[in-house]
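*Asks:*
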Amino acid sequence: MSGLKGRTAVVTGGANGIGRAISLGLAREGASIVICDIDEGKAEQSAEEIRELGAEAVVVKADVSKSVEVKHAIEETLRRFGRIEILVNNAGIGYATGSLLEPSHVLIENLTEEEWDHVLNVNLKSVFLFSKEVAPLMKHQKWGRIVNLASVAGITGHGIKGGSGPAYGVSKAGIINLTKTLARQLGPHNVTVNCVAPGSVPETAFKMTEDEIQEELKDQPLKRVGKAVDIAETVVFLCSDGAEWMTGQTINVNGGKVM
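Under the numbering used here, the first residue of the sequence shown carries the number 6, and numbering increases by one thereafter.
(1) Relative to the alpha-carbon of residue 172, which residue among 40, 85, 156, 50 has its alpha-carbon at the smallest distance?
(2) Looking at the structure shown, is residue 105 part of a helix, part of a strand, or coil, going by DSSP?
(3) With distances taken between CB atoms, is the gap from residue 182 to residue 132 smaller than 8 Å?
(4) Put residue 263 into one of helix, strand or coil per three-state DSSP.
(5) Candidates 193, 202, 175, 176: which alpha carbon is nearest residue 154's?
(6) Using CA atoms only, rank isn't needed, just tell me which of 264, 240, 159, 144 is closest to residue 89.
(7) With three or more C-beta pairs closer than 8 Å as the rule, is the stretch 27 to 37 touching the stretch 227 to 241?
(8) Measuring straight from C-alpha to C-alpha, what distance separates residue 170 and residue 124?
(9) Using the rule of at least 16 other Cβ atoms within 10 Å of the residue's Cβ for burial, across every protein chain shown, is residue 262 buried or exposed?
(10) Between the beta-carbon of residue 189 and the beta-carbon of residue 253, is there less than 8 Å?
(11) Of all the beta strand (DSSP E) runs that stay within the bounds of the stretch 172 to 225, which reach a length of 3 or more residues?
(12) What first and last residue would you give for the alpha helix (DSSP H) that runs through residue 149?
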């Protein structure tokens with residue numbers, strides 16, 4: 006896999022979990038990393054880990070659902086590095102209220118308008134806002150990689166056990182569709198746009214009990230839950246020269262849960 010030395014990567018939600026693993030993975034390949042996250046403290050911790058690898062890292066605190074803060078994040082990246090070759094739209098939430106341990110909020114009749122709007126804004130609108138800002142830059146330089154993080158929930162829908170309900174599944178399905186549209190628009194400019202759809206990764210904010218893990222594995226061919234690094238390595242590949250003829254694709258990384 007070709008290294009990414011000299012490339013600048015913006016990773017949204019890069020402070021924790023999968024986003025942190027992606028940031029570290031890209032840094033190991035030589036990329037300079039800009040972490041855009043609302044949790045500035047955790048983002049700085051991840052940035053320090055990146056610096057220890059010998060790569061450059063910058064933190065920009067941003068609410069990814071707000072256009073003015075997205076514009077500021079892009080401006081800060083360009084001020085520091087001058088270019089953006091890679092965008093990883095990873096930021097996302099499962100729910101705005103309620104708890105994964107209390108599944109009643111997954112039912113449509115219990116979902117509030119505020120909850121719906123918040124989940125869609127963070128998960129889907131953020132992909133629109135960041136892609137809107139970087140697309141002209143990538144088109145001008147005739148090279149770019151955009152990788153969006155969806156979920157198996159965007160393919161199968163979200164059921165009635167745990168999880169995050171209709172808003173989450175719809176937001177992730179929207180990301181899958183937007184990926185295809187952007188791939189068609191940006192492909193002629195040598196910019197690829199792909200999507201990764203993870204299965205359950207308990208080390209993220211989506212905590213699972215041991216009973217929930219065992220239930221998850223019953224009909225999954227690979228008998229373990231996912232790790233953040235499983236997702237990160239796929240993202241790194243999609244940013245590399247090895248994936249230069251892949252665009253508009255959604256890669257399922259879920260132990261065979263969804264095929």
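All C-beta atoms, glycine included, are put in the ideal place defined by N, C-alpha and C.
*Replies:* On the basis of the supplied data:
(1) 156
(2) Caution applies to residue 105, whose pLDDT of 47 falls short of 50 and renders its modelled position unreliable; the value that the coordinates give is listed next. Three-state DSSP puts residue 105 in coil, outside helix and strand.
(3) no
(4) Residue 263 falls in the coil class under three-state DSSP.
(5) 202
(6) Of 264, 240, 159, 144, the residue nearest in Cα terms is 144.
(7) Yes, since at least three Cβ pairs between the stretch 227 to 241 and the stretch 27 to 37 fall closer than 8 Å, the two stretches touch.
(8) Answer to the nearest angstrom: the Cα atoms are 10 Å apart.
(9) Buried: at least 16 other Cβ atoms inside 10 Å.
(10) yes
(11) Runs found: 196 to 203.
(12) Careful: residue 149 lies outside any alpha helix (DSSP H), inside the beta strand (DSSP E) at 149 to 154.
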